[in-house]
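Take the sequence shown: its letters are residues 0 to 360, numbered as in numbering that gives the first Met the number 0.
For each residue, glycine too, the CB sits at the ideal point set by N, CA and C.
Notes to accompany the following structure.
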Amino acid sequence: MPELLFHGAAGEVTGSMHMVKHNERWLALDCGLYQGKRSDSEENNRQWPMDPKLINALILSHAHIDHTGRVPKLVRDGYDGPIYCTPATRDLCAIMLADAAHIQEEDAEYLNKKLAKKGKPPIEPLYEYKDVLAAMHMMQTISYNRDFFVLPGVKARFNEAGHMLGSAGVTVKFDDQGTEKTLYFTGDVGRPDKPILRDPAQLPDCDAMICESTYGGRVTPAVAIAETEMLDVVRRTIKRGGRVIVPAFSVGRTQTIVYYLHQEMVAKNLPRIKIYVDSPLATNATDVFRMHPECYDAEARSFHQVTGDILGGRCCSYTRSVDESKALQASREPCVIISASGMCEAGRIRHHLKSAVGDPK
Numbered sequence: 000m001p002e003l004l005f006h007g008a009a010g011e012v013t014g015s016m017h018m019v020k021h022n023e024r025w026l027a028l029d030c031g032l033y034q035g036k037r038s039d040s041e042e043n044n045r046q047w048p049m050d051p052k053l054i055n056a057l058i059l060s061h062a063h064i065d066h067t068g069r070v071p072k073l074v075r076d077g078y079d080g081p082i083y084c085t086p087a088t089r090d091l092c093a094i095m096l097a098d099a100a101h102i103q104e105e106d107a108e109y110l111n112k113k114l115a116k117k118g119k120p121p122i123e124p125l126y127e128y129k130d131v132l133a134a135m136h137m138m139q140t141i142s143y144n145r146d147f148f149v150l151p152g153v154k155a156r157f158n159e160a161g162h163m164l165g166s167a168g169v170t171v172k173f174d175d176q177g178t179e180k181t182l183y184f185t186g187d188v189g190r191p192d193k194p195i196l197r198d199p200a201q202l203p204d205c206d207a208m209i210c211e212s213t214y215g216g217r218v219t220p221a222v223a224i225a226e227t228e229m230l231d232v233v234r235r236t237i238k239r240g241g242r243v244i245v246p247a248f249s250v251g252r253t254q255t256i257v258y259y260l261h262q263e264m265v266a267k268n269l270p271r272i273k274i275y276v277d278s279p280l281a282t283n284a285t286d287v288f289r290m291h292p293e294c295y296d297a298e299a300r301s302f303h304q305v306t307g308d309i310l311g312g313r314c315c316s317y318t319r320s321v322d323e324s325k326a327l328q329a330s331r332e333p334c335v336i337i338s339a340s341g342m343c344e345a346g347r348i349r350h351h352l353k354s355a356v357g358d359p360k
């Protein structure tokens, strides 16, 4: 059986990177960013388990930054092999890694101002936008349920994971001296009946499995319960002429909320109201969702045929510029405003909350 090494996402939930050695060649599964306390993550993000030049291939399970956020750094430090992923993952990486590079550059600029005051030398950003572009040119897209050769004696297949647009579990098969051995890497596993996305595929038979377990010990409420609660809040707030302010992650959660509200309006369970998505990253991510209807489940495909656009249509407006965002903050129109960040730690959502918190409606 090939040799497995774990570097990140072991005893923690970020920095996913797993190494597989077979016939003296190395395959990396994911290459995620460590996120957390600045001093710890800074050190971890700049170190590698081995010289990146010695890694022969990289497979990405999905586009979330804790699984892809160090790919440009890997390329910057000398990796020059193929990067395999699904088409939707590639397109999401293009916008998410660009956003991450911008954050890295801003963080370095902030830290360098503090270091200069102490007379210490400046640091370089973890990576820059040019490194993102280099990584994107190395990505090779593979559709679901199709075998592809990764290395001599190693082939893989992407299986639907149902976690986010383009997410995949990865079946990796090794020719082990004439005997086939199978490793299954789950990536992050979605839950059944998740809006827009297909359910996770049945797990294949395998000899070993690398399985995420972030919510393994938690019982989560049914999606329908959360949908009903949200619909009730929107109805009551709009009826009294107020605005519903929704903090949401830019990729996945924002599109799910817009899709659900759009469905309810088409079904006449909700009056026609205006939805605003005030997040440049969420707007770009929505464009990627529209590019990949092959990832939709049967319900979303059917809704797409009826409406022509599952993500809001004419009832939803997407803002990009700062001026558009400021105008939205000043407006008192009854509406739903969805903005980032999802944890209210940064981004335009803070301005919307500040503007609306004193409004009794």
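Pick from the options that is closest to residue i, judged by C-alpha positions
i	options	result
D98	S278, G186 and S40	S278
I244	A155, I348 and A329	I348
E2	Y317, V19, P220 and L260	V19
R37	P71, I337, A107 and A62	A107
H61	D39, L26 and A93	A93
G165	M208, P220, P292 and L230	P292
L4	A281, E41 and W47	W47
I272	T181, S330, V335 and A297	V335
L182	D76, A115, Y317 and I209	I209
T219	T13, E23 and G189	G189
D65	N44, Y78, I82 and M137	N44
F148	D174, D206, Q254 and V321	D174
S249	V131, Y109, M163 and G118	M163
Y128	K119, E105 and N144	E105
N- and C-terminal bounds of the beta strand (DSSP E) containing residue i
i	result
V243	R242 to P246
Q46	Where Q46 is concerned, there is no enclosing beta strand (DSSP E), given that its DSSP letter is neither H nor E.
R69	Premise fails: R69 is in no beta strand (DSSP E) and is neither H nor E.
M138	M138 to T140
M208	A207 to I209
DSSP-derived helix/strand/coil call for residue i
i	result
C361	Lying before the first or after the last residue shown, residue 361 is absent from the chain, which here runs from 0 to 360.
V232	helix
L59	coil
C334	strand
V149	strand
T13	coil
I195	coil
R271	coil
A107	helix
Y295	strand
E159	strand
V276	strand
L53	helix
A100	helix
Y33	coil
K113	helix
M135	helix
D358	coil
R190	coil
Q304	helix
K129	helix
L91	helix
V218	coil
R75	helix
Beta carbon of residue i nearer than 8 Å to that of residue j
i	j	result
P199	G161	yes
M49	C30	no
A225	A339	no
N111	G80	no
T85	I141	yes
V257	L202	no
I274	L260	yes
C170	A155	For the sequence presented, residue 170 should be read as Thr rather than Cys. Yes, the Cβ-Cβ distance between T170 and A155 is below 8 Å.
L96	V70	yes
V74	A133	yes
L269	L230	yes
L150	C294	no
H21	G186	no
Which residues DSSP lists as bridging residue i, in chain order
i	result
V19	L3 and L26
D174	E179
C84	T140
F184	V169 and I209
K154	F148 and K172
Enclosing alpha helix (DSSP H) for residue i [first to last residue]
i	result
Y259	R252 to V265
V321	V321 to A329
R377	Only positions 0 to 360 of the chain appear in this structure, which leaves residue 377 out of reach.
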